[in-house]
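**Student:** Quick note, the sequences are listed as chains A, B and C, same order.
Just so we're aligned, residue 1311 is where the first sequence starts under the numbering used here, counting upward by one.
Just so we're aligned, residue 1311 is where the second sequence starts under the numbering used here, counting upward by one.
Just so we're aligned, residue 1311 is where the third sequence starts under the numbering used here, counting upward by one.
Backbone N, C-alpha and C define an ideal beta-carbon position, used for all residues, glycine too.
Just so you know, these numbers come straight off a predicted model, no measurement behind them.
Here it is, the structure in full.
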Amino acid sequence: MIFQYFQSNSESVTNGICALLALASVKMYSSFDFHCPCLAKYNMAYGLGIMFIPPVALFLCGLIVNRQFVVMLEEWKRPTGDRKKNLAIIRYMCSSVLQRAMIAPVVWILVTLLDGKCFVCAFSSSVDPDKFPGFVTNITPYNEVQRLLSKVPCKDDELIRNNTSRKAVSRYLKCWSQAFGWSVLLTLIVIAFLARSLRPCFNQATFLQTRYWSNYIDIEQKIFDETCCEHTRDFAHKCILHFFESMQKEIKRRRFHAHPGKEE
Amino acid sequence: MIFQYFQSNSESVTNGICALLALASVKMYSSFDFHCPCLAKYNMAYGLGIMFIPPVALFLCGLIVNRQFVVMLEEWKRPTGDRKKNLAIIRYMCSSVLQRAMIAPVVWILVTLLDGKCFVCAFSSSVDPDKFPGFVTNITPYNEVQRLLSKVPCKDDELIRNNTSRKAVSRYLKCWSQAFGWSVLLTLIVIAFLARSLRPCFNQATFLQTRYWSNYIDIEQKIFDETCCEHTRDFAHKCILHFFESMQKEIKRRRFHAHPGKEE
Amino acid sequence: MIFQYFQSNSESVTNGICALLALASVKMYSSFDFHCPCLAKYNMAYGLGIMFIPPVALFLCGLIVNRQFVVMLEEWKRPTGDRKKNLAIIRYMCSSVLQRAMIAPVVWILVTLLDGKCFVCAFSSSVDPDKFPGFVTNITPYNEVQRLLSKVPCKDDELIRNNTSRKAVSRYLKCWSQAFGWSVLLTLIVIAFLARSLRPCFNQATFLQTRYWSNYIDIEQKIFDETCCEHTRDFAHKCILHFFESMQKEIKRRRFHAHPGKEE
Chain A
1311 MIFQYFQSNS ESVTNGICAL LALASVKMYS SFDFHCPCLA KYNMAYGLGI MFIPPVALFL
1371 CGLIVNRQFV VMLEEWKRPT GDRKKNLAII RYMCSSVLQR AMIAPVVWIL VTLLDGKCFV
1431 CAFSSSVDPD KFPGFVTNIT PYNEVQRLLS KVPCKDDELI RNNTSRKAVS RYLKCWSQAF
1491 GWSVLLTLIV IAFLARSLRP CFNQATFLQT RYWSNYIDIE QKIFDETCCE HTRDFAHKCI
1551 LHFFESMQKE IKRRRFHAHP GKEE
Chain B
1311 MIFQYFQSNS ESVTNGICAL LALASVKMYS SFDFHCPCLA KYNMAYGLGI MFIPPVALFL
1371 CGLIVNRQFV VMLEEWKRPT GDRKKNLAII RYMCSSVLQR AMIAPVVWIL VTLLDGKCFV
1431 CAFSSSVDPD KFPGFVTNIT PYNEVQRLLS KVPCKDDELI RNNTSRKAVS RYLKCWSQAF
1491 GWSVLLTLIV IAFLARSLRP CFNQATFLQT RYWSNYIDIE QKIFDETCCE HTRDFAHKCI
1551 LHFFESMQKE IKRRRFHAHP GKEE
Chain C
1311 MIFQYFQSNS ESVTNGICAL LALASVKMYS SFDFHCPCLA KYNMAYGLGI MFIPPVALFL
1371 CGLIVNRQFV VMLEEWKRPT GDRKKNLAII RYMCSSVLQR AMIAPVVWIL VTLLDGKCFV
1431 CAFSSSVDPD KFPGFVTNIT PYNEVQRLLS KVPCKDDELI RNNTSRKAVS RYLKCWSQAF
1491 GWSVLLTLIV IAFLARSLRP CFNQATFLQT RYWSNYIDIE QKIFDETCCE HTRDFAHKCI
1551 LHFFESMQKE IKRRRFHAHP GKEE
């Protein structure tokens, strides 16, 4: 019931779902138990994996949950009848679906960047250790330096616990992570702003028309489903009444012929 | 009453039940007290048991709770009357029931994998100890290494408490567990996405017809039940009225014949 | 649904959104994990970045979220019909939109200034160390002094932990930061007070007229959208009823010709 309510396609409801998905992604990230492996080989894969695999999953979820996505596909594949297919409508629906599906993944990536843990885990081995005097002595061999750097995200590790510059390296990486996060956020907001403010400057009338037809397709499907249900119900009702009537006739017939006096 | 409400088969309600079962499985896992035995022989069995036995139970629950499952079985076994049996309808109902029953078990498995505790318990003995310098010295005998590895999930254990690399092993396993979890999740979402997006591309008309008839079968049963109830009520009403009437007749008859003056 | 409710343009609702955005900015700042890099080169950029990039983002968000902004653009770009375009109305809407979009960024800047962490991070290198006797000895080279100053915001850093004057420098900067914050706040309040108290002294009548027309434009759009929806629904309903009717005719026709007696 809740799911179907969510799948009804008035724009505001769809917006609500996207907001919920975005909130869920934040909630998931904060409840997620992040364990950097702190092994030079796995760090990068794990950090980037946590950063980019869930967004792919969330993106596909955003498409699956959005009723308009299926409506769009059906409109695209339907046999052409009296109503001509209009590519502009399909394009409009497609862009609207994609935009909404992008929200949750983008929120996930931004949250990971602003939090910085994944970034520290992924790139701690790529830091130039010479920037941090006191992190390693000059005589430390290259291999050992790499191992030390890969341990930076694990503050409880034996090897790194007493290293005075561990925090400095971690702070440096977190600061870069946040800088990336904010610049991505800013870019996205600027794009959204431009899209919203430039749209009314171009052909507004055709846009309104496209929106009208996209609404029409959606509502046509819904009313078709409802009418199907009613039709089923009527049909089943008739069949069952018919069954009971014929049963009663059968009973009456039996009463007269087989045991004419027994039941009365 | 709540149970019957849950068993009414409008698709959205069934979806709601599945969502509830999935939530329940998450809740169950988080309230479940996981105690790894930390004995080489039992670790694997315990870990994999917690990972795969509850999903079987949840799968069966998903079938029990779903009204459509019984409807499907009845449709399959009913004598062929005027309405021909259509295998496509049974297949459609079967796949819909299975899909919904799979949700809760899959959620359980994903939650255990993303949490990682079960995985660490099950596979801690299978880790190659040479990857973690400092976990064991070279002279430790094989048996002892196995015992140490099987103690990894129990951080308070006497033997392992002072081992500096215990955390590294645990971290390594958790990272693999999460990697498995995310890849399973991603695969499932991709499959769901493909299923949803490819369906409209193939014969949509027959799909709609199948759905219409699957709805019909469901509603026919419900209306049959309701009509049966009404019919029973009517019949019982008539019988009881008849009984009271005949009783009153009996009383009147007795009044006149047996004790004509006694009661007046 | 919530989103659409927020986008309805009664003034009080718009005020509500702005208040929410402002609250969100405060909440975001307090939940934000501020990690000053404590490296001379990055400090200024990071501190000022946190202070001024989020406000830009919030300002653009304030424009995106405000429905009046799009209404204004559409009014500006619409083809002139029977109703003449009035620049005063557009100017009135523009100023109202800008005012509301300014609230959240101003709140963010004030909060950062009153909190002081960003300011300390940004300007710790610019402090004259001679003001704080005991911070450095006279023989310390210039480079080293700069490094020490850049470490002031990180109180756990090895280099600065035992420095007795670190707190004094930090306190000095925080005090300046708060002074700036309070003076900005005071200036803004004075401007708001003057704007509000001087407006009734000038042409109040034309102001009321402008406001009337700005409301009209907004409500015209909303009623257009609603009427579109109703129209779509009516149209779809008619089409589907027509489809079912023609289907039933088809069924009846088939009954008579192909299997005249079988279904009856």
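Using the beta-carbon of each residue, which ones in chain A are nearer than 9 Å to proline 1463/C?
**Tutor:** Within the third sequence, the letter at position 153 stands for residue 1463/C. Within 9 Å Cβ-Cβ: nothing; proline 1463/C doesn't reach chain A, min ~10 Å.
**Student:** Determine, using beta carbons only, whether valine 1479/B comes closer than 8 Å to chain A.
**Tutor:** On the second sequence, position 169 is the one that residue 1479/B refers to. No, valine 1479/B lies away from the interface with chain A (no Cβ there is under 8 Å from its Cβ).
**Student:** What residues in the region 1535 to 1549 of chain A bring their beta carbon closer than 8 Å to a beta carbon of chain C?
**Tutor:** Thr1537, His1541
**Student:** Say whether chain A places a C-beta atom closer than 8 Å to the C-beta of valine 1500/B.
**Tutor:** As a first step, residue 1500/B is located in the second sequence; it is residue number 190 there, counting from the start. Taking Cβ atoms only, chain A reaches closer than 8 Å to valine 1500/B, which makes this a yes.
**Student:** What's the gap between the Cα of valine 1469/B and the Cα of proline 1365/B?
**Tutor:** Walking along the second sequence from the start, residue 1469/B turns up at place 159. Walking along the second sequence from the start, residue 1365/B turns up at place 55. Rather than valine, the amino acid found at residue 1469/B in this sequence is leucine. Between leucine 1469/B and proline 1365/B, the C-alpha separation is close to 34 Å.
**Student:** Shorter than 7 Å, the distance from the beta carbon of methionine 1361/C to the closest heavy atom of the ligand NAD, or not?
**Tutor:** Because no ligand of any kind appears in the structure shown, any question about the ligand NAD cannot be addressed here.
**Student:** Just verifying my parser: in three-state terms, what is the DSSP assignment at arginine 1393/C?
**Tutor:** The residue you call residue 1393/C lines up with position 83 of the third sequence. Assigned with DSSP and collapsed to three states, arginine 1393/C falls in coil, not helix or strand.
**Student:** Determine, using beta carbons only, whether serine 1436/A and valine 1462/A come nearer to each other than 8 Å.
**Tutor:** Residue 1436/A sits at position 126 when you count from the first residue of the first sequence. Residue 1462/A sits at position 152 when you count from the first residue of the first sequence. Against a cut-off of 8 Å, the Cβ pair of valine 1462/A and serine 1436/A comes out as no contact.
**Student:** Please look up how many angstroms separate the CB atoms of isoleucine 1327/A and valine 1375/A, rounded, as I've assumed it's under 8 Å.
**Tutor:** On the first sequence, residue 1327/A is found 17 positions in, with the first residue counted as 1. On the first sequence, residue 1375/A is found 65 positions in, with the first residue counted as 1. That belief holds up - the Cβ atoms of isoleucine 1327/A and valine 1375/A are roughly 6 Å apart, short of 8 Å.
**Student:** Alanine 1414/B and glycine 1357/B - do their beta-carbons sit closer together than 8 Å?
**Tutor:** For the purposes of this step, residue 1357/B is identified with residue 47 of the second sequence, where counting begins at 1. For the purposes of this step, residue 1414/B is identified with residue 104 of the second sequence, where counting begins at 1. No Cβ-Cβ contact shorter than 8 Å links glycine 1357/B with alanine 1414/B.
**Student:** Residues of chain B with CB under 7 Å from phenylalanine 1554/A, in chain order?
**Tutor:** The residue given as residue 1554/A occupies position 244 in the first sequence. Here the neighbours are Thr1537, His1541.
**Student:** If we require 3 or more residues per run, which beta strand (DSSP E) segments fall completely within the region 1435 to 1522 of chain B?
**Tutor:** none
**Student:** Is there a C-beta anywhere in chain A that falls below 8 Å from the one on cysteine 1560/C?
**Tutor:** Position 250 of the third sequence, counting from 1, holds the residue named residue 1560/C. The identity of residue 1560/C in the sequence shown is glutamate, whereas the question assumes cysteine. It does not: the Cβ of glutamate 1560/C has no partner Cβ on chain A nearer than 8 Å.
**Student:** Compare the C-beta of alanine 1334/A against all C-beta atoms of chain B and say whether one is closer than 8 Å.
**Tutor:** Within the first sequence, the letter at position 24 stands for residue 1334/A. False, the Cβ-Cβ gap to chain B never drops below 8 Å.
**Student:** Specify, as a first and last residue, the run of the alpha helix (DSSP H) that asparagine 1376/B falls within.
**Tutor:** For the purposes of this step, residue 1376/B is taken as the residue at position 66 of the second sequence. That residue, asparagine 1376/B, is in no alpha helix (DSSP H); it is neither H nor E in DSSP.
**Student:** Out of Arg1457/A, Leu1496/A, Phe1445/A, which has the shortest C-alpha to C-alpha gap to lysine 1477/A?
**Tutor:** Residue numbering aside, residue 1477/A sits at position 167 when the first sequence is read from its first letter. For lysine 1477/A, the nearest C-alpha among the options comes from Phe1445/A.
**Student:** Do lysine 1387/A and glutamine 1519/B count as a contact pair if the criterion is CB distance below 8 Å?
**Tutor:** Walking along the second sequence from the start, residue 1519/B turns up at place 209. Walking along the first sequence from the start, residue 1387/A turns up at place 77. Their beta carbons are not under 8 Å apart, which means glutamine 1519/B does not touch lysine 1387/A by this criterion.
**Student:** Taking only beta carbons into account, state which residues of the region 1524 to 1535 of chain B come closer than 7 Å to chain A, listed in chain order.
**Tutor:** Asn1525, Tyr1526, Ile1529, Glu1530, Ile1533, Phe1534
**Student:** In this structure, how does DSSP classify arginine 1388/B when only helix, strand and coil are distinguished?
**Tutor:** Stepping through the second sequence from its first residue, residue 1388/B is reached at position 78. Coil.
**Student:** Using the beta-carbon count (16 or more within 10 Å), is isoleucine 1312/B buried or exposed?
**Tutor:** Indexing the second sequence from 1 puts residue 1312/B at position 2. Because the pLDDT at isoleucine 1312/B is just 49, under 50, the model does not fix this residue reliably, and the point stays unresolved.
**Student:** Which residues mark the beginning and the end of the alpha helix (DSSP H) in which cysteine 1348/C is found?
**Tutor:** Working through the third sequence from its first residue, we reach residue 1348/C at position 38. No alpha helix (DSSP H) contains cysteine 1348/C, which DSSP labels as neither H nor E.
**Student:** Given that cysteine 1371/C touches chain A, what residues does it touch there, using C-beta distances under 8 Å?
**Tutor:** For the purposes of this step, residue 1371/C is taken as the residue at position 61 of the third sequence. Correct list: Ile1499.
**Student:** Taking contact to mean at least 3 C-beta pairs separated by less than 8 Å, is the region 1388 to 1408 of chain A in contact with the region 1531 to 1540 of chain B?
**Tutor:** no
**Student:** Hey, how far is the Cα of lysine 1427/C from the Cα of valine 1494/B?
**Tutor:** Your numbering for residue 1427/C matches position 117 in the third sequence. Your numbering for residue 1494/B matches position 184 in the second sequence. Answer to the nearest angstrom: the Cα atoms are 43 Å apart.
**Student:** The alpha helix (DSSP H) with phenylalanine 1429/A in it runs from where to where?
**Tutor:** As a first step, residue 1429/A must be located in the first sequence, where it is residue number 119. Counting along the chain, the alpha helix (DSSP H) containing phenylalanine 1429/A begins and ends at 1427 to 1433.
**Student:** Given that a residue counts as buried once 16 or more other Cβ atoms are within 10 Å of its Cβ, and exposed if not, what is histidine 1345/C?
**Tutor:** Within the third sequence, residue 1345/C is the residue found at index 35, counting from 1. Buried, because 16 or more other Cβ atoms sit within 10 Å of the Cβ of histidine 1345/C.
**Student:** If you measure beta-carbon to beta-carbon, which residues of the region 1364 to 1394 of chain C are closer than 8 Å to chain A?
**Tutor:** Pro1364, Val1366, Ala1367, Leu1370, Cys1371, Leu1373, Ile1374, Phe1379, Val1380, Leu1383, Glu1384, Trp1386, Lys1387, Arg1388
**Student:** Could you check how far apart the C-beta atoms of alanine 1332/A and serine 1460/A are, in whole angstroms? I think they sit under 8 Å.
**Tutor:** What you label residue 1332/A is simply residue 22 of the first sequence in a count that begins at 1. What you label residue 1460/A is simply residue 150 of the first sequence in a count that begins at 1. 33 Å between Cβ atoms; not a contact.
**Student:** Under 8 Å Cβ-Cβ, which residues of chain B neighbour cysteine 1348/A?
**Tutor:** Here residue 1348/A refers to the residue found at position 38 of the first sequence. Within chain B, the residues near cysteine 1348/A are Ala1478, Arg1481.
**Student:** Along chain E, in chain order, which residues have C-beta atoms closer than 9 Å to that of aspartate 1343/A?
**Tutor:** Going by chain labels, chain E is absent from the structure shown, which instead holds the protein chains A, B and C.
**Student:** Cutting at 8 Å between CB atoms, please list the residues of its own chain near methionine 1412/C, excluding the five before and the five after it.
**Tutor:** In the third sequence, the residue the question calls residue 1412/C occupies position 102. Closer than 8 Å at Cβ, skipping near neighbours: Phe1369, Gly1372.
**Student:** For phenylalanine 1503/A, which option in Ala1355/C, Met1354/C, Ala1367/C has the closest C-alpha, if you only look at C-alpha atoms?
**Tutor:** As a working note, residue 1503/A is residue 193 in the first sequence. A check of alpha carbon separations from phenylalanine 1503/A across Ala1355/C, Met1354/C, Ala1367/C identifies Ala1367/C as the nearest.
**Student:** Check the Cβ-Cβ distances between glutamine 1317/B and every residue of chain A, and say whether any is below 8 Å.
**Tutor:** Reading the second sequence from its first residue, position 7 is the one you call residue 1317/B. Unreliable positioning characterises glutamine 1317/B in this predicted model, as indicated by a pLDDT of 46, which lies under 50. A coordinate reading is not provided.
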